[in-house]
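Taking it in order: structure first as structure tokens, then the write-up.
In the numbering used here, the protein residues as written are 28 to 440.
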């Protein structure tokens, strides 16, 4: 259990709740240490555990292909018989790598803070399709974001690299949480590379709620994917107000975390779907099995190990977990069939997609297209390019009177 007293207290409360409140499903917070402890508990009790965090705690650097990595990821998750991860981790890594391929970037600087976090991305970037792309990795050490920015500035110096790799444009992949992303961009602003020739691709799915005010007017391009599924919002607008949902989550979060830049609206969307999936599955499952707590039915009893008795797993737990994994449901973040641990190429995952967001020349965050596993990236940046062209023409027109005056002016000497 470790030495953290708050963690021990949380766990003891969960253990007590299983018996007193007759819990048949559990929802874990986005706290990796607590998730690990809860997983061990729910595995022994056969109670479904829903998680929404981007868990990169068990990734290792190796020579596996992206497909082999996905298969191993599924096996790792299956080792936990109870855990149901709503976060689309494999799909996110695939989308990031496909975006790099779509724009034909041949040189990418990857900046990161957490070594464990970056490990989940490397197997995709080391795949055969990316052999022609040069990746440079810059780690932010001891929270010195300015020093990391200096290293990136040096890497961008064309005098120090092979001429064929030199480009007037710079592509930077930021693999950080929202808080660290914002701090890094502040350092990048100080170093002068938040401007037109820089493209930033974010692994965070929370670009829409990040504080980008200082960076939106410098003409750099920031790209990220968004898991929220627009058709769900359209179909349920009469009963679900997404704006009110976001405002409520945001206000409550900042009340508890004043001044923080690490707000993750995506986690709220994933936990919404976890609850939605659990409720839908339990409702359907209860029509097949008597899962309501009953003193006379052994299958509905859950007990943790104690000094007086051994643990008693949930009798219908294994059936319920399998039922949840095979439930077909469209949620706030799209097709929830992705939880069935099949590889991305499996038909069950073909309906999942990400929206692609761009903060570019327009100074606002625009939806420019989508990604899905079969046909990859579909984007339309014409609006961003049109605004850039219009502003360039406007600047040229404004310079014409000045240039004309210079041509007509003669030196009196």
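For every residue, glycine included, the Cβ atom is placed at its ideal position computed from N, Cα and C.
Can the beta-carbon of residue i be found closer than 8 Å to that of residue j?
| i | j | result |
| --- | --- | --- |
| residue 138 | residue 113 | no |
| residue 55 | residue 78 | yes |
| residue 365 | residue 111 | no |
| residue 61 | residue 76 | no |
| residue 198 | residue 131 | no |
| residue 136 | residue 179 | yes |
| residue 250 | residue 348 | no |
| residue 27 | residue 400 | No answer is possible for residue 27: the residues shown for the chain start at 28 and end at 440. |
| residue 172 | residue 211 | yes |
| residue 205 | residue 233 | yes |
| residue 299 | residue 350 | no |
| residue 239 | residue 176 | no |
| residue 290 | residue 115 | no |
| residue 288 | residue 405 | no |
| residue 403 | residue 129 | yes |
Can you have a look at residue i and say buried or exposed, based on whether 16 or more other CB atoms are within 10 angstroms of its CB?
| i | result |
| --- | --- |
| residue 148 | buried |
| residue 322 | In this prediction, residue 322 scores a pLDDT of 45, lower than 50, which makes its location untrustworthy; the coordinate-derived value is nonetheless stated afterwards. Exposed is the call here. |
| residue 80 | buried |
| residue 310 | exposed |
| residue 225 | buried |
| residue 341 | buried |
| residue 421 | Caution is warranted here: a pLDDT of 47 is assigned to residue 421, below 50, making its placement in the model unreliable, and no coordinate value can be reported. |
| residue 66 | buried |
| residue 170 | exposed |
| residue 237 | buried |
| residue 227 | buried |
| residue 306 | exposed |
| residue 264 | exposed |
| residue 222 | exposed |
| residue 69 | buried |
| residue 363 | buried |
| residue 282 | exposed |
| residue 64 | buried |
| residue 262 | exposed |
| residue 155 | exposed |
| residue 293 | buried |
| residue 183 | buried |
| residue 397 | buried |
| residue 200 | buried |
| residue 90 | Because residue 90 carries a pLDDT of 44, less than 50, the predicted location of this residue cannot be relied on, and the following value inherits that uncertainty. Exposed, since its Cβ has fewer than 16 Cβ neighbours within 10 Å. |
| residue 381 | buried |
| residue 297 | buried |
| residue 337 | exposed |
| residue 275 | exposed |
Does chain C have any CB closer than 8 Å to the CB of residue i?
| i | result |
| --- | --- |
| residue 355 | Judged by its chain identifiers, the structure shown contains no chain C, having just a single protein chain. |
Do you know whose CA, among the options, lies nearest residue i's CA?
| i | options | result |
| --- | --- | --- |
| residue 58 | 170, 82 and 344 | 82 |
| residue 108 | 354, 398 and 345 | 345 |
| residue 120 | 153, 246 and 408 | 153 |
| residue 50 | 271, 318 and 159 | 318 |
| residue 392 | 145, 230 and 244 | 244 |
| residue 295 | 142, 329 and 278 | 278 |
| residue 230 | 206, 220, 219 and 202 | 202 |
| residue 339 | 239, 61 and 74 | 74 |
| residue 247 | 293, 216 and 168 | 216 |
| residue 123 | 151, 136, 143 and 174 | 151 |
| residue 241 | 232, 261, 267 and 214 | 214 |
| residue 355 | 304, 337, 163 and 159 | 304 |
| residue 145 | 163, 156 and 315 | 163 |
| residue 207 | 141, 270, 272 and 160 | 141 |
| residue 315 | 394, 343 and 329 | 343 |
message = Quick check on the DSSP output: what are the complete beta strand (DSSP E) runs of length 3 or more inside the region 247–286, in order along the chain?
response = 248–253
At 3 residues or longer, and completely inside the region 104–154: list those beta strand (DSSP E) runs for me, N to C. 110–112 and 134–139
Are there three or more Cβ pairs, one per stretch, closer than 8 Å when the region 347–359 is compared with the region 254–265? yes
### Query
Quick one: any contact between the region 376–389 and the region 401–412, if contact means 3 or more CB pairs under 8 Å?
Contact between the region 376–389 and the region 401–412 is present: three or more C-beta pairs spanning the two stretches fall below 8 Å.
*asked:* Going residue by residue through the region 202–242, where are the continuous alpha helix (DSSP H) segments of at least 4 residues, counting only ones entirely within it?
replied: The DSSP assignment places 205–218 as complete runs of the alpha helix (DSSP H) inside the region 202–242, in order along the chain (cut-off: 4 residues).
Q: Please specify which runs of the beta strand (DSSP E), each continuous and at least 3 residues long, are wholly inside the region 152–186, giving them in chain order.
A: 161–166
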